[in-house]
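Enquirer: In terms of the numbering used here, the sequence shown opens at residue 1142 and continues consecutively.
Glycine is no exception: its CB is placed at the ideal position from the N, C-alpha and C atoms.
Since we're looking at a predicted model, the values are computed, not measured.
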Amino acid sequence: MDGRLLLGLPVNGKCYFDFKVHLLTLGDECNALEMIAELGIVQKEDKPLSQAEKMLMDLAYLIQQVEFVGVDNTQITPHYLLDNLATDDYVLINEAILALRKKHISAGESLSQENSHAPTAMT
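(1) Just mark I1234 as buried or exposed, buried being the case when its beta carbon has 16 or more other beta carbons within 10 Å.
(2) Measure the C-alpha to C-alpha separation of K1244 and A1237 and round it to an integer number of angstroms.
(3) Could you say if the segment 1160-1173 and the segment 1198-1214 meet the contact criterion of at least three C-beta pairs nearer than 8 Å?
(4) Which residue's Cα is closest to the Cα of A1201: E1186, Q1184, E1179 and D1213?
(5) Please report the distance separating the alpha-carbon of G1249 from that of I1182.
(6) Hey, how far is the Cα of T1264 from the Cα of M1198?
(7) By the three-class DSSP mapping on this structure, what secondary structure does D1213 have?
(8) Restricting to Cα atoms, I'd like to know which of V1210, A1173 and V1152 is closest to R1145.
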């Protein structure tokens, strides 16, 4: 699913606005978890995570699901987004991911309903 940022993401002196999102895969989740480990973020019972650490974790997952068109996405890290992505654009990307999830869920429900009305070999 394609989208356009409101304020843009500055990279190397240029602002990029177009992005694409996809659903999180198991491989993406593994990559996000590895990224979180590399960031040294460890949740402990006696020490809650700071707001910045929580956001960095969210951004590690977000990076796995978004491509900024025209940008070498290997340059994009959770810290980079924390420092450069506007809050409005962060919300916009998350809304695009949510809309894509809903679209896929609805497609599955439609298919399920169609199959329940289709004749089977038993009928």
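Expert: Result, derived from the coordinates:
(1) I1234 is buried by the Cβ-count criterion.
(2) 10 Å
(3) A contact is defined here as three or more CB-CB pairs under 8 Å, and the segment 1160-1173 meets this definition with respect to the segment 1198-1214.
(4) If we check each option's Cα against that of A1201, E1179 comes out closest.
(5) For G1249 and I1182, the distance between alpha carbons rounds to 36 Å.
(6) Because the pLDDT at T1264 is just 49, under 50, the model does not fix this residue reliably, and the point stays unresolved.
(7) coil
(8) Among V1210, A1173 and V1152, the Cα nearest to that of R1145 belongs to V1210.
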